[in-house]
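A.B. asks: Please find one structure pasted underneath; my questions will follow.
Protein chains: 2
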Amino acid sequence: MKKPSIKDIASKAGVSPSTVSSVLNGKAKHMRISDVVAARVKKIALEEGYQPNTIAVSLRTGRSKIIGLIVEDIANPFFSALARTIEDEALKLGYRIVYCSTENDLERGNDLLYVLGQTHVDGYIITPVPGMELKLKELKDQGRPMVFMDRFIASLEVPCVLINNYDGVKQGMDYLLKRGYNCIGYVSTNSSQVQMKARMSAYIDKVNTDLQKAPLLLEIDFLMDRTKIKAAVKEFVIDNNLDAVFFATNYLGVVGLEIINELGWKIPDQIGIVCFDDTDLFKLYPPGITAVRQPVQEIAEHSVKMLIDQIQGKLASSESQLLLKGELMVRGSA
Amino acid sequence: MKKPSIKDIASKAGVSPSTVSSVLNGKAKHMRISDVVAARVKKIALEEGYQPNTIAVSLRTGRSKIIGLIVEDIANPFFSALARTIEDEALKLGYRIVYCSTENDLERGNDLLYVLGQTHVDGYIITPVPGMELKLKELKDQGRPMVFMDRFIASLEVPCVLINNYDGVKQGMDYLLKRGYNCIGYVSTNSSQVQMKARMSAYIDKVNTDLQKAPLLLEIDFLMDRTKIKAAVKEFVIDNNLDAVFFATNYLGVVGLEIINELGWKIPDQIGIVCFDDTDLFKLYPPGITAVRQPVQEIAEHSVKMLIDQIQGKLASSESQLLLKGELMVRGSA
DNA sequence: CTGTTAGCGCTTTCAG
DNA sequence: CTGAAAGCGCTAACAG
């Protein structure tokens, strides 16, 4: 009841191991193996439930068909959705993923890089944080394939897949403006992350060009408790007589909607709402809301594809950058 | 600049590969290799930055030193905390973890088992769900080491690490009773999960023996939105004149506390509160609250240890069960 | 068209 | 006390 090896298949089929190998790797044509033999080999392999020993393959070929995925915090819904999608995409192309989550701990992040190194991953998909720069450069200089995702490190010429946060907010603002709202507030966290800055600047640009009113910004400490966020949003909306609110973050949107709800305001008639949808909570939003959805599927597809191209040498590790746009979704009335 | 192999070290040290292998695997004594040679080999290995090729080791020894961890939903804070802790524990013992999250999708779960099978993991740590039974039995019958965590499947004699949910609620109730509360309500989800049932029955037992009042239960749909949960809790607490509430879940606790807070009630003077702390949010709770904390660290330690013992054949794959108790934590005043 | 051979890097007897 | 040799399962040249 042991797993059959290539030898077992070979002897059962009356051919040599190398023939079996060629057939099973789709090199029958190239090796000019007769169709009848190929068919017999395939049949027997199937019957015996043959599966190549991936370890042996790795040792021989020097590639593991494993991708290391390093994100900041796997508990963050955005990253966990991304991770899941990436895993699926990779599987389709015959690659496995091993995850690692740095938990915002630099030392841990660097350890992971090290551990993954000895796990012989073929390449990395990484959400880089500033402190990893040195180790990352080292890996890159060793010629290890990698792609950055969602963030990047300017000093490193690594292909990356980014989200056009500016465009996302622009789309949302255009929508609100077209619908006739003209006093639009913007609620964001005061994070220093480059994504948040990009979103903010889109808002400011839009407000400056298309609206007579001055921009109205509310920046909130991300870790503040819900009650405080709600109070702040309430005051913000009422004091400024807003007729629409743009929430720069999923979380803020969810919390903000609660207070709008408690005030009994109808969306989109009494107030317009747009949320940036970092996760996939859109379906839970009440009707009338518009969301800028992150292109999770596309990010996953492209990251995986770009990495595998690199691994297979199809693409020089050039500075190719991909800027993916979100999609505006209007939640219809229930 | 290539990674040095055992041969490189051997020739640099003027010995044979096998000697290097013995020394580096701590078998110098057993092989009666002279201390001077051993020292020289170690020194050179260090200088050259030698690291054994894990793939080659796996191929040769038949073990990968990799553990497959399968949880239901990695985005669930309880599981992600657990996963992180398990990873650390495993690393200490020289094992790596590869995660998989079934996302409550049975087919996906079974696929994962398959994929992990060909990844040559040495064993599994699993949070089993009913539908996996067949595949799991198959693996077990093949002699693959595994341990169940947090849940178990009664028909399979697999070692498992469980949490004593009954005891947790009992501890919490004892605390409340000792403090003199005598109208204690219980807020839970109406989930059919065995853990939730166990918690509930502890509450009922306690109430029946130590309290003259009938049990007061509020069961809530887990996916209901926050506003509704809050309204329900508010009504529940006021209508029944409760002087204490036991929240059977972290999430319910957090939401419930919001309304308590909005009502302006002081804890623990005006109302007593105990939460079951599935995640590690305890530190965020306001002062005066008591929580039953899940023993994440212990679960991780024991799961890993039990699995590795199995892998190393130290323990027959017997029906050893471990029932771990939570710990009562009182959050002091800020 | 197919088989033989040589290793990938390591561990483990078994002879010295 | 140490080294030589075999072989884990597979693939890729090179011979037939």
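Residue numbers (the working numbering), protein chains in the order written: chain A, 1 to 334; chain B, 1001 to 1334.
Heads up, the beta-carbon is just placed ideally off N, CA and C, and yes, glycines get one too.
#1: Using a Cβ-Cβ cutoff of less than 8 Å, which residues in the same chain neighbour B/N1241 once the five nearest sequence positions on both sides are dropped?
#2: Is it buried or exposed for A/V41, if we count other Cβ within 10 angstroms and need 16 for buried?
#3: Examine chain B for any beta-carbon lying closer than 8 Å to the beta-carbon of A/L263, and answer yes or no.
#4: Determine the direct distance from the alpha carbon of B/M1200 to that of B/S1188, and round the result to whole angstroms.
#5: Residues bridged to A/F148 by DSSP?
#6: Per DSSP, B/E1089 forms a beta bridge with which residues?
#7: Check the Cβ of B/R1342 against every Cβ in chain A and list those closer than 8 Å, keeping chain order.
#8: Would you kindly check if the distance between the Cβ of A/K65 and the Cβ of A/G338 is under 8 Å?
#9: State yes or no: is the beta carbon of A/P287 nearer than 8 Å to at least one beta carbon in chain B?
#10: Listing by chain order, which chain A residues have their CB less than 7 Å from the CB of B/V991?
#11: Starting from the beta carbon of A/P159, find every residue of chain B whose beta carbon is closer than 8 Å, and list them in chain order.
#12: Give a yes or no on whether 8 Å exceeds the smallest Cβ distance from A/S80 to chain B.
#13: Kindly indicate if chain A contains any beta-carbon less than 8 Å away from that of B/L1059.
#14: Closer than 9 Å, Cβ to Cβ, to anything on chain B: give me those residues from the segment 45 to 56 of chain A, in chain order.
#15: Determine, using beta carbons only, whether A/Q195 comes closer than 8 Å to chain B.
#16: In chain order, what residues of the same chain have a beta carbon less than 7 Å from the beta carbon of A/I44, not counting five sequence neighbours either side?
#17: Please list the partners that B/P1145 has in chain A, where partner means a Cβ-to-Cβ separation under 9 Å.
#18: Report yes or no: is there a C-beta of chain A within less than 8 Å of the C-beta of B/A1334?
#19: What are the boundary residues of the alpha helix (DSSP H) that includes B/V1254?
#20: Which residues does DSSP list as the beta-bridge partners of B/T1290?
#21: Which stretch, first to last residue, makes up the beta strand (DSSP E) that contains B/Q1297?
#22: Just reading off the alpha helix (DSSP H) that A/I153 is part of, what are its end residues?
#23: Using the Cβ count rule (16 or more neighbours within 10 Å means buried), how would you classify A/A334?
#24: Which word fits B/T1061, buried or exposed, when buried means at least 16 other C-beta atoms lie within 10 angstroms of its C-beta?
#25: Consider the Cβ of B/T1249: report whether some Cβ of chain A lies at a distance smaller than 8 Å.
#26: In the DSSP assignment, the alpha helix (DSSP H) including B/G1109 goes from what residue to what residue?
#27: Nearest CA to the CA of A/E138: which residue from A/S101, A/V158, A/A38?
#28: Are the beta-carbon atoms belonging to B/V954 and B/G1256 less than 8 Å from one another?
#29: Which residues share a DSSP beta bridge with A/I97?
#30: Alpha carbons only, please: which of A/T119, A/K230, A/T102, A/A248 is nearest the one belonging to A/M132?
#31: Distance, Cα to Cα, A/K29 vs A/Y50?
#32: Can you pull the DSSP bridge partners for B/T1189?
#33: For A/Q270, which of A/L281, A/A244, A/A248, A/N250 has the nearest alpha-carbon?
#34: Taking the alpha helix (DSSP H) that B/Q1171 belongs to, which residues open and close that run?
#35: Of all the CB atoms in chain B, is at least one closer than 8 Å to the CB of A/T119?
#36: Does DSSP put A/A244 in a helix, in a strand, or in coil?
C.D. replies: Once the coordinates are examined:
#1: Sequence-distant Cβ neighbours of B/N1241 in its own chain, meaning closer than 8 Å and more than five residues away, are C1183.
#2: Buried, since its Cβ has 16 or more Cβ neighbours within 10 Å.
#3: Chain B, which has no Cβ nearer than 8 Å to the Cβ of A/L263, makes this no.
#4: 8 Å
#5: Answer is A/I126, A/C160, bridged to A/F148.
#6: In the DSSP output, where bridge partners are listed per residue, B/E1089 has none listed.
#7: Outside the modelled stretch of chain B, which goes from 1001 to 1334, sits residue 1342 of chain B, for which no answer is possible.
#8: Shown here, chain A extends from 1 to 334; a query on residue 338 of chain A therefore has no answer.
#9: no
#10: With chain B represented from 1001 up to 1334, any question about residue 991 of chain B goes unanswered, as that position is not in the structure.
#11: The contacting residues do not exist; A/P159 stays about 23 Å from chain B at best.
#12: yes
#13: yes
#14: Q51, P52, N53, T54, I55, A56
#15: No, because no Cβ of chain B sits closer than 8 Å to the Cβ of A/Q195.
#16: I9, K12, A13
#17: The premise fails here: B/P1145 is roughly 17 Å from chain A at the closest Cβ pair, so nothing lies under 9 Å.
#18: For B/A1334, the predicted structure reports a pLDDT of 38, less than 50, and the residue's modelled location is therefore unreliable. A value from the coordinates is still provided. Chain A, which has no Cβ nearer than 8 Å to the Cβ of B/A1334, makes this no.
#19: 1250 to 1263
#20: In the DSSP output, where bridge partners are listed per residue, B/T1290 has B/V1274, B/V1330.
#21: From DSSP, B/Q1297 is part of no beta strand (DSSP E) but of the alpha helix (DSSP H) over 1296 to 1311.
#22: Element bounds for A/I153: n/a, residue is neither H nor E.
#23: Reliability fails at A/A334, whose pLDDT of 38 lies under 50, so the model's placement of it is uncertain and no value is given.
#24: exposed
#25: no
#26: 1106 to 1118
#27: A/V158
#28: In the structure as shown, chain B begins at 1001 and stops at 1334. Residue 954 of chain B is therefore absent and cannot be evaluated.
#29: A/I67
#30: Put simply, of A/T119, A/K230, A/T102, A/A248 the residue whose alpha carbon is nearest the alpha carbon of A/M132 is A/T102.
#31: CA-to-CA, the gap between A/K29 and A/Y50 works out to about 21 Å.
#32: DSSP lists B/I1220 as partners of B/T1189.
#33: The shortest Cα separation from A/Q270 among A/L281, A/A244, A/A248, A/N250 belongs to A/A244.
#34: 1165 to 1178
#35: Residue contact check for A/T119 against chain B: a CB pair falls below 8 Å.
#36: DSSP places A/A244 in the strand class (E or B) of the three-state scheme.
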